[in-house]
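Written below as structure tokens is the structure these notes are about.
Residue numbers (the numbering used here), protein chains in the order written: chain H, 13 to 361; chain A, 8 to 70.
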């Protein structure tokens with residue numbers, strides 16, 4: 013029994029490290045992408061604030077994942093290890109492919125796979141979670157797109173970050189918001205690593221979230237830089253103001269949903285905010301003739317397009333991340349479904 | 008008023024979710040279901056704006 017517990021904890025740590033790596037990209041990608049912070053300092057802040065978030069708000073999500081989707085009696089120690097393994101593998105594949113994986117989606121996928129195999133899945137809870145994923149995705153994209161299309165220039169004008177004397181205030185602001193983001197990451201994602209163990213009753217909730225938080229911190233150092241680069245640089249050109257707006261929107265949506273116990277996807281919310289802001293700004297820049305549906309292209313419009321190298325909206329990258337969000341939970345879910353079905357059939361459970 | 012294309016996309020996007028929520032609250036239909044349905048509509052608008060008719064520069068020949 014002792015050995016199994018050790019394996020269980022090791023697996024949870026494995027997941028926590030991968031979750032930390034993933035979440036760091038989302039939390040500090042914008043800040044490092046606009047060159048306010050080095051990767052190392054971002055990792056330090058990530059560790060600190062994720063731990064806080066996990067401690068203060070994390071337990072709400074742990075309850076949902078640990079007993080809301082499947083009865084906690086289904087989480088035998090063996091089952092917990094299996095679910096955590098599948099979750100971890102799904103996230104690891106994403107980290108290796110250098111895309112911002114949704115750790116929450118993957119964790120839910122693994123648990124759902126198990127629930128379906130054993131016939132104990134609470135479908136209405138799953139329906140609730142999936143609905144909220146869609147709603148939070150739409151809302152965070154929409155708010156950012158609206159800000160990008162109608163308010164961005166005004167905000168830049170008000171903040172006046174280009175003035176030298178505003179430089180310190182600007183950086184401080186983005187840092188503070190980044191920490192808020194890290195907090196929400198801990199709140200939302202620590203459950204992905206430890207909920208099954210808590211469900212199994214082998215670890216109490218507080219030591220569990222501490223363990224998860226520390227593992228996330230380790231992951232922030234180990235794997236964070238990789239994902240920070242993806243979110244910050246490759247999705248769109250991020251200015252200071254943009255980083256601020258994006259993080260405020262995403263962190264608020266996530267903290268709110270985590271507090272309500274919904275295992276919302278930090279990756280999806282934050283990434284869609286980044287995409288939305290860039291998209292909204294880009295929607296201002298296409299030639300008027302095209303918006304009005306007129307076929308002819310005036311020469312000065314083509315000139316403007318050629319000069320416009322900002323790349324505010326990257327369609328290929330967007331397509332890539334959205335595909336990843338659809339496949340990683342499937343990987344975890346199908347793995348879990350197959351293994352648990354086999355285990356049940358062979359009387360291992 | 009002169010609504011440009013992307014204004015309409017954004018309007019449609021929020022109408023899905025907001026409309027779904029409103030219907031759920033104001034009628035006997037369960038909110039979870041109506042919001043879920045509404046968000047599907049919103050997603051369709053997102054697809055339109057993100058992929059079908061994205062604000063990207065086209066590779067057009069210059070005469």
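All residues carry an ideal CB built from backbone N, CA and C; glycine is no exception.
Alpha-carbon to alpha-carbon, residue 208 (chain H) and residue 56 (chain H): Start at 1 with the first residue of the first chain, and residue 56 (chain H) comes out as number 44. Start at 1 with the first residue of the first chain, and residue 208 (chain H) comes out as number 196. Roughly 27 Å separates the two Cα atoms.
C-beta neighbour in chain H for residue 18 (chain A), strict 8 Å: As a working mapping, residue 18 (chain A) is identified with position 11 in the second chain. It does not: the Cβ of residue 18 (chain A) has no partner Cβ on chain H nearer than 8 Å.
Residue 24 (chain A) beta carbon less than 8 Å from that of residue 45 (chain A): Against the second chain, residue 45 (chain A) aligns to sequence position 38. Against the second chain, residue 24 (chain A) aligns to sequence position 17. Taking 8 Å as the Cβ cut-off, residue 45 (chain A) and residue 24 (chain A) qualify as a contacting pair.
Simplified DSSP assignment, three categories, for residue 326 (chain H): If you number the first chain from 1, residue 326 (chain H) lands on position 314. Looking at residue 326 (chain H) - three-state DSSP - the assignment turns out to be coil, as it is neither helix nor strand.
Chain-order list of residues whose beta-carbon lies under 6 Å from that of residue 197 (chain H) (same chain, five-residue window excluded): Translated into positions along the first chain, residue 197 (chain H) becomes position 185. Cβ within range, chain order: 35, 39, 62, 278.
Continuous alpha helix (DSSP H) assignments of at least 4 residues falling wholly in the stretch 65-115 of chain H: Correct list: 70-75, 89-108.
Distance cut-off 7 Å: residue 289 (chain H) Cβ against heavy atoms of the ligand NAD: Judged by which ligands are present, the structure shown has none, so any question about the ligand NAD falls away.
For residue 186 (chain H) and residue 252 (chain H), believed in contact at Cβ under 8 Å, the rounded distance: Locating residue 252 (chain H) in the first chain gives position 240, where the first residue counts as 1. Locating residue 186 (chain H) in the first chain gives position 174, where the first residue counts as 1. Rounded, the Cβ-Cβ distance is 6 Å, consistent with contact.
Spatial distance of residue 24 (chain H) from residue 216 (chain H) (CA atoms): For the purposes of this step, residue 24 (chain H) is identified with residue 12 of the first chain, where counting begins at 1. For the purposes of this step, residue 216 (chain H) is identified with residue 204 of the first chain, where counting begins at 1. Cα to Cα, residue 24 (chain H) sits roughly 14 Å from residue 216 (chain H).
Residues that residue 50 (chain A) contacts on chain H, provided the C-beta gap is smaller than 9 Å: For the purposes of this step, residue 50 (chain A) is identified with residue 43 of the second chain, where counting begins at 1. Correct list: 146, 149, 150.
C-beta atoms of residue 295 (chain H) and residue 69 (chain H) nearer than 8 Å: As a working mapping, residue 295 (chain H) is identified with position 283 in the first chain. As a working mapping, residue 69 (chain H) is identified with position 57 in the first chain. Not a contact, by the Cβ cut-off of 8 Å.
Alpha helix (DSSP H) segments (min. 4 residues) lying fully within the stretch 217-279 of chain H: 217-234, 236-241, 252-271
Burial state of residue 115 (chain H), where buried means 16 or more other Cβ atoms lie within 10 Å: Along the first chain, read from residue 1 onward, the residue named residue 115 (chain H) stands at position 103. So residue 115 (chain H) counts as buried.
Bounding residues of the alpha helix (DSSP H) (the contiguous stretch that carries residue 162 (chain H)): Numbered from 1 along the first chain, position 150 holds the residue referred to as residue 162 (chain H). Careful: residue 162 (chain H) lies outside any alpha helix (DSSP H) and carries neither H nor E.
The stretch 92-110 of chain H contacting the stretch 215-229 of chain H, beta-carbon criterion three pairs below 8 Å: Result no; under three Cβ-Cβ pairs closer than 8 Å.
Segment contact flag, the stretch 130-140 of chain H with the stretch 256-264 of chain H, C-beta cutoff 8 Å, min 3 pairs: no
Environment of residue 193 (chain H) [buried if 16+ CB atoms lie within 10 Å]: Here residue 193 (chain H) corresponds to residue number 181 of the first chain, with the count starting at 1. Buried, because 16 or more other Cβ atoms sit within 10 Å of the Cβ of residue 193 (chain H).
Alpha-carbon spacing of residue 341 (chain H) relative to residue 175 (chain H), whole angstroms: Counting from 1 along the first chain, the entry for residue 341 (chain H) is found at position 329. Counting from 1 along the first chain, the entry for residue 175 (chain H) is found at position 163. Straight-line measurement puts the Cα of residue 175 (chain H) at about 45 Å from the Cα of residue 341 (chain H).
Extent of the continuous alpha helix (DSSP H) run through residue 17 (chain H): Residue mapping note: residue 17 (chain H) aligns to position 5 of the first chain, counting from 1. From DSSP, the alpha helix (DSSP H) with residue 17 (chain H) extends over 14-45.
6 Å Cβ shell around residue 29 (chain H) - same chain, five flanking residues per side excluded: Position 17 of the first chain, counted from the first residue, corresponds to residue 29 (chain H). Cβ within range, chain order: 227, 230, 231.
Residue-level contact to chain A via CB, residue 139 (chain H), 8 Å cutoff: Counted from its first residue, the first chain places residue 139 (chain H) at position 127. Chain A contact via Cβ: present.
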